[in-house]
Structure formats: structure tokens, C-alpha cells
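To keep things clear, I will list the structure first and then write my remarks on it.
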Amino acid sequence: MSAEFYFGIEVFLNGLMAGVMYSLVALGFVLIFKASGIFNYAQGIMALFAAMTLVGFQEGQIPFAHLFNAMFGTEMHHFGWHMNAFFAIILALGVMVLFAILVEKLILKHLVNQEPIILFMATIGLAYFMEGFGDLMWGSNVKKLDVGIPQGGNFWIEENTAFLGGENFYGFYLDTLDIYATVIATILVVSLVLFSQYTKTGRALRAVADDHQAALSVGISLRTIWVIVWAIAGFVALVAGIMWGAKSGVQFSLSLIALKALPVLMLGGFTSIPGAIIGGLIIGVGEKMFEFLIGAPLLGGATENWFAYMVALVFLVFRPQGLFGEKIIERV
Amino acid sequence: MNDMTKSDELLLDVNNIEVIYNHVILVLKGVSLSVPKGGITALLGGNGAGKTTTLKAISNLLHSERGEVTKGSILYRGKPVADLNPAALVKSGVIQVMEGRHCFEHLTVEENLLTGSFTRSVSRGDIAADLEMVYSYFPRLKERRKSQAGYTSGGEQQMCAIGRALMSRPETVLLDEPSMGLAPQLVEEIFGIVKELNEKEGVSFLLAEQNTNVALRFAHYGYILESGRVVMDGPAADLRENPDVKEFYLGMSEEGRKSYRDVRSYRRRKRWLS
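Protein chains in written order, with this note's numbering: chain G, 13 to 344; chain U, 32 to 305.
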């Protein structure tokens, strides 16, 4: 086998791992969409906000320090301690749960039974509010996020696969961070699926997703369910924020990963958790392989940016509910 | 069946309620009714008479449809239901089976039933026992337990919805239009089970029904609603014999069946007079 072939496999593996990251973001959308029919525009910002909060706790930043300094002429920035990554994650998670409760109390509660478009507009407002609020709270500088996951090429894999391809092949180059991300995302997804299939609360979540009114009539409290769903989505956003933040720094562009999730959602279906996963993998692998096989040699490259949207478009035409979108049950 | 109620204990007391949707649409114009413990009370009337609204006002589901009780009071065991959210109401023993079944389509039949026990904090064993109780009344559900509810037949979905309500171990079930879209034979079957549940499990029912004939055969007491008002009430046996009910709702009269056109015009005149 030629080195070219193994290089193709390497591209494939990298695509898979990128795909897992896309899935992670898409998952946040799916959870909220299923349970409340809201397309949550703020999902990307939530990931950014979660990552900023995590870094803030780790570095011992004083929240709103810039605001206080500007108002009172003080010069404070840090508490002067560094927090263990584990505790910082737990605290950041706590903040996301608090965020979920506030969203329910301040927004969702008042918009019960409104048109989906109104709820969508509300999440746009929420997104811009959070963007500003996050900056105000933690500062808008680019931050480095390090929770102790090793980064860079994995030499063990590289050395142990070098024998495959002969002289011009030096082994698969895979980023350790990506491998960790894949494992963590897989665990997260499996536990989410188990939770929604086999627990009482999970069953209630699915019931609410199916029929609000009926769920209400059997005594399932929609408001509690919404808090739970937004908290889970916040948790997923935190995980996505950690992975992407560790990769490319915590900065505004982190929130744009949400845009990567859109084609994944169209492909996988807005209402399917497995769809988000498989869709993410297909998009991840598809865009890398397309670039490698067709884009770079024939089209001059840079196809990664639009390939996903092309696939999504094709799917919209031929299978609007996506690969795994909930079948619309219609009895004849 | 001729005795009016099984006991004199009052569960539900609806007193002269008025309901307005969207702040402007007046749907109920003063409805009063009471549901005694252990009885089957029927709420009869045509389309748009206000049956469903009355039930939803009781089960506190109006809020999510922008409806509001603006006058009167609804008491359950002497306590105003307005203070309770739907979940608390289910806990205190009142549950509604909504019109048009409303099963959770993508959940299996058994999962649907299990959601009914959401508000109860009891052991798995107790819930399994309740599940068996429901299956004993609805053997068909047991056969279909693993099917997605959306793919079961209309009758099975109605049974599923009633079974789901039973899983909350209710004292009172508000049953909205159980006969809707079902074959006459199935309607008989479902009403038969309702009667059995009433007699054996002691569940009280308030059922809204357009099918006056069936409802009056199974109920103990009936209220007839027309454009948001109670126009007549009485023990079911009396209502069945009442010439007006016979004529307007059962389609019978002294001279045998009449054309529907005659009935309608007569009814309109009658309403003007009352």
C-alpha cells in the first residue's frame, strides 16, 4: 500500500474526530429543540460563556473586575489563587445550572405557548446579551484554557503505525486532544442516551418532547423539565467549550462553532440524538475526505468551509427530516 | 344505576364559573356543577358548548391555552383548585384524559403508562403492581406494550390514555370525549371499562361526551351544556326520559324520528324562549 493510501486513512481518522466535536455542539441544539421546540440560537455563546467561566475560575479572576475598576478607579483583577481544574469544572457547571434556572424564570416562563419564531427571537436576544455579559464578567481578551488534557501529536501512535506504509510514511499523526475529546464525547453521548431511555426523568423529557399538553395533564411540570434540559444543554456546552477552547483558545470565534452544527442538524435531524452523532461524523469525515480527494487536487482547496452546507442542502431537498429525524407518525 | 349517587360526599364543586380566552372570547357564561364521590357524572352538549373548557378549567390546563377563569370558584374537596398547578392537582387525585387521546406517540405503550406515575414517589414494586392493574382492565394494552403508541389503533390509544391516567391512582378522572372517532362497539367496550373502574376501583368520573345516548346509559347524573351554560341537569335516568332531551339529543320523539332540520329550528326557538 502506498503512503498516499495511509495518508487518506489519517485524514479519515482526523475527520472522525472533528466530527465528534461537531456532534457535541449539535447535541446541545437537539436536546433543547426536542424538549421545548426551541431552536436555541444561543447554544454557541453558551459554549463560549461556559469556557470563559471555567478559565475565570481556574485563574482566580474577579468577575466584573473591569467594570468595578472603571467605576471606582480600583486596580483589581485576580484573587491571586489558582483553582484545581476539577473544582473549576464543577463550579462552571454550577454556573450553567444557575443560568438554566434564570433562563426559565426570566424568559421561557413568560413565553409559554408562543409561536416558535418568537421563542427563536428570544434566544437571539439571549445570545447577544450573554456575549456582552460574558465579556463584562470575564474580559474580552483571548484566554488560554488548560484543564490538563495533553495536546499535540501522539507519538506513540505515530511510532507504532510507521511500519505500515513503507519509506515515505511516518505513521498516523493524530492529536492527543482530539483522541481525548472523542472518548469524552462518546461517554457523554452514551450516558445521555441511557439517561433519556431508562430513567423516570428521561422518560418525562421524551414525553414533553412528544406532547406538551398531555405531559402537563399527567402532572409533569414543564418548567422543571425545561430547567433540566437547559442545564444539560449547558453541560454539553461546557464540554464542547472545554474541547474547542483547549484547541484554539477561548475567544469570540468559539461561539461560531455553532454554525458548524447547523449542517450536522440538517443531516441528522433536529430531533434525534443518534442523528446528531452520526451527522457530525459524516460531516467531519465528509469535509476532510472531500478536501483530500477532490477539493485540494481538483478544485484548488478550501472546500471545507462550504462542503458541509452543500451536503445539508442536498439533504434538505431529498430528505427534509434528516437521516434520523423523528418519523412523522401518520396513521392512515 | 338509578340511584343518583353512590354517596353524598362531594368531591368537586364548580360554582358559577366564567371562562374567557385571550381576554376577549367568553366561552363559559356561568357553569355550576358538582361531582359526588363514587359517581359517574356526564357533561353533555354539542360542539362548542363548553364541555372541554369546563374540564380544562377544573384541571387547571387553561393557562397554557391563554384561557382564564374570571368568575366563580372551583373547589376540590373544599379547596380552590386555582391555587394548585396541574402537577399538584394530579397529586391530590384529579387527572384529566384529554380529548383526542394525546398519547406520547414516540413512547411505547408501557412507557406511556409509566409517565402516568410521574407524580408518585413510590417503589418500583408498587408501580409494577399498578401496571398489572391497568393491564387487567385493558388486556389489549398488554399485548401492545412494546409498540410505539403512535402506531396503535384509535381504540388502543384511548385505552392507553385512560390507563395512563389510572397510573396516577386518581380519585377523580376527567374524561374528555372518550367516544371520539371510535366504532360503536369500541365505545361500548370503553364505557363498560369506565363503569367497571367506577364500581371496582371506586374512581369517580366526570365525563364530557357528545354521544348522549351512551353517556346517559352509563352515567349516574348528567348536565346538559349549551353555549356555555348549563341548560338542564338531573339523574341520568330522568334525563333519558325527558321529552326535550329525547328530542334534541337522542333524536327521538313521540311521533318517531324526525328530520334533523325540524329539530334544529325547534331548538333555536326553544332557546329564545328560555
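We treat Cβ as the ideally placed atom computed from N, Cα and C, and that holds for glycine.
Assumed close pair residue i, residue j - CB separation to whole angstroms, cut-off 8 Å
i	j	result
GLY281/G	GLN209/G	With 8 Å as the limit, GLY281/G and GLN209/G do not qualify as a contact, their Cβ atoms being about 17 Å apart.
PRO22/U	SER229/G	Because chain U in this structure spans residues 32 to 305, residue 22/U falls outside the shown range and cannot be described.
LEU266/G	LEU43/G	LEU266/G to LEU43/G, Cβ: 19 Å. No contact.
HIS137/U	GLY185/U	Contact flag wrong, Cβ pair sits at about 17 Å.
MET64/G	VAL262/G	6 Å
GLU257/U	SER235/U	Contact doesn't hold; Cβ gap of about 25 Å is too wide.
THR211/G	MET29/G	Rounded, the Cβ-Cβ distance is 30 Å, inconsistent with contact.
THR139/U	ARG108/U	No, THR139/U and ARG108/U are not in contact; Cβ-Cβ is about 35 Å, not under 8 Å.
ALA320/G	PRO275/G	4 Å
ASN244/U	LEU217/U	Not quite, the Cβ-Cβ distance comes to about 15 Å (not below 8 Å), so this is no contact.
LYS82/U	LEU74/U	5 Å
ALA32/G	ALA252/G	Checking the displayed sequence, the identity of residue 32/G turns out to be Val instead of Ala. Rounded, the Cβ-Cβ distance is 10 Å, inconsistent with contact.
GLY151/G	HIS78/G	6 Å
PHE135/U	ASP190/G	Not quite, the Cβ-Cβ distance comes to about 38 Å (not below 8 Å), so this is no contact.
Terminal residues of the beta strand (DSSP E) in which residue i lies
i	result
ASN11/G	Given that chain G is displayed from residue 13 to residue 344, the structure contains no residue 11/G and the question cannot be resolved.
THR203/U	203 to 207
TYR252/U	252 to 257
SER14/G	Counting along the chain, SER14/G falls outside any beta strand (DSSP E), and DSSP gives it neither H nor E.
LEU57/U	56 to 67
VAL100/U	98 to 107
ALA227/G	From DSSP, ALA227/G is part of no beta strand (DSSP E) but of the alpha helix (DSSP H) over 224 to 229.
LEU74/U	71 to 75
Interface residues of chain G facing residue i [CB-CB closer than 7 Å]
i	result
LEU228/U	Those do not exist, as LEU228/U stays about 17 Å from chain G at its closest Cβ, beyond 7 Å.
ARG195/U	VAL230
First and last residue of the uninterrupted alpha helix (DSSP H) at residue i
i	result
MET129/U	It is not in any alpha helix (DSSP H) - MET129/U carries neither H nor E in the DSSP assignment.
SER90/U	That residue, SER90/U, is in no alpha helix (DSSP H); it is neither H nor E in DSSP.
ARG260/U	No alpha helix (DSSP H) holds ARG260/U; the beta strand (DSSP E) holding it covers 260 to 266.
ILE224/U	215 to 227
ASN143/U	140 to 146
VAL205/G	188 to 210
ASN46/U	Here ASN46/U belongs to no alpha helix (DSSP H); instead the beta strand (DSSP E) covers 41 to 52.
SER167/U	155 to 168
ALA245/G	234 to 260
GLU232/U	Unbroken run through GLU232/U: none, as it is neither H nor E.
HIS78/G	77 to 84
Interface residues of chain U facing residue i [CB-CB closer than 8 Å]
i	result
SER3/G	This structure cannot settle anything about residue 3/G, because the visible part of chain G is limited to 13 through 344.
VAL32/G	By Cβ distance, chain U contributes nothing, its closest Cβ being about 26 Å from VAL32/G, past 8 Å.
Within chain G, partners of residue i - CB distance below 8 Å
i	result
PRO14/U	Outside the displayed range of chain U (32 to 305) lies residue 14/U, so it cannot be described from this structure.
THR139/U	Here the premise fails: no neighbours, minimum Cβ distance about 10 Å.
MET129/U	GLN225, ALA226 and SER229
Contact with chain A by residue i, beta-carbon distance below 8 Å
i	result
THR83/U	In the structure shown, chain A does not exist; the protein chains are G and U.
Proximal residues of chain U, C-beta to C-beta of residue i below 9 Å
i	result
ARG331/G	Those within 9 Å of ARG331/G in chain U number zero; the least Cβ separation is about 19 Å.
Contact set between residue i and chain U, taken where Cβ atoms lie within less than 7 Å
i	result
ALA288/G	Ordered by position in chain U, no residue passes the 7 Å Cβ test against ALA288/G, which lies about 16 Å from the chain.
ALA219/G	PHE135, LEU138 and THR146
9 Å Cβ cut-off: residues of chain G touching residue i
i	result
ILE89/U	Residues of chain G passing the Cβ test: none, with the nearest at roughly 12 Å.
ILE126/U	SER229, VAL230 and GLY231
GLU142/U	ARG215, ARG218 and ALA219
Checklist entry - Taking any Cβ of chain U, which residues in the region 222 to 249 of chain G have a Cβ under 7 Å from it, in chain order? => result The region 222 to 249 of chain G vs chain U, Cβ under 7 Å: ASP222, ASP223, GLN225, ALA226, LEU228, SER229, VAL230, GLY231, ILE232 and SER233.
Next on the checklist: Output needed in chain order: residues of the region 150 to 171 of chain U with a Cβ under 7 Å from some Cβ in chain G.
Outcome noted: Against chain G - using a Cβ distance shorter than 7 Å - the residues of the region 150 to 171 of chain U are THR150.
Checklist entry - Which of the residues in the region 108 to 123 of chain U, read from start to end, lie with their CB under 9 Å from any CB of chain G? => result Here the close residues are ASN116, PRO117, ALA118, ALA119, LEU120, VAL121 and LYS122.
Checklist entry - Within the chosen definition, does the region 186 to 193 of chain U reach the region 207 to 226 of chain U through at least 3 CB pairs nearer than 8 Å? => result Verdict: yes, contact present.
Checklist entry - With contact counted as at least three CB pairs below 8 Å, one residue from each stretch, are the region 291 to 306 of chain G and the region 51 to 67 of chain G in contact? => result Verdict: no, contact absent.
Checklist entry - Listed in chain order, which residues of the region 123 to 147 of chain G have Cβ atoms closer than 8 Å to some Cβ of chain U? => result Listed by position along the chain: VAL124 and ASN125.
Next on the checklist: Counting only Cβ-Cβ distances shorter than 8 Å, please list the residues of the region 43 to 75 of chain U near chain G, keeping chain order.
Outcome noted: Residues: none.
Item to check | chain U contacts made by the region 187 to 216 of chain G, where a contact means CB separation under 8 Å | outcome: Listed in sequence order: LYS212, ARG215 and ALA216.
Checklist entry - At a Cβ cut of 7 Å, what residues of the region 219 to 252 of chain U count as close to chain G, listed as they run along the chain? => result Close to chain G, meaning a Cβ-Cβ distance shorter than 7 Å, is no residue of the region 219 to 252 of chain U at all.
Item to check | Residues of the region 93 to 106 of chain U with Cβ closer than 9 Å to any Cβ of chain G, in chain order | outcome: Those would be HIS94, SER95, GLU96 and ARG97, in chain order.
Item to check | the region 159 to 175 of chain U contacting the region 203 to 210 of chain U, beta-carbon criterion three pairs below 8 Å | outcome: The region 159 to 175 of chain U, when compared against the region 203 to 210 of chain U, does not touch it at the 8 Å Cβ threshold.
Next on the checklist: So, does the region 262 to 279 of chain G touch the region 29 to 40 of chain G, judging by three or more C-beta pairs under 8 Å?
Outcome noted: Two segments are said to touch when three or more pairs of C-beta atoms, one from each, lie closer than 8 Å; by this definition the region 262 to 279 of chain G touches the region 29 to 40 of chain G.
Checklist entry - At a cut of 8 Å, does the region 140 to 159 of chain G reach the region 66 to 83 of chain G through at least three beta carbon pairs? => result Touching, per the Cβ criterion.
Checklist entry - Does the region 125 to 139 of chain U come within contact of the region 87 to 96 of chain U, defined as at least 3 CB pairs closer than 8 Å? => result Touching, yes.
Next on the checklist: With a threshold of 8 Å, are at least 3 pairs of Cβ atoms found where one atom belongs to the region 60 to 71 of chain U and the other to the region 259 to 279 of chain U?
Outcome noted: The region 60 to 71 of chain U is in contact with the region 259 to 279 of chain U.
Checklist entry - Is the region 85 to 94 of chain G close to the region 47 to 55 of chain G, with three or more CB pairs under 8 Å? => result Touching, no, given that fewer than three Cβ pairs across the two stretches are closer than 8 Å.
Next on the checklist: For the pair the region 105 to 118 of chain G and the region 230 to 248 of chain G, tell me if three or more CB-CB distances fall below 8 Å.
Outcome noted: Counting Cβ pairs under 8 Å, three or more are found: they touch.
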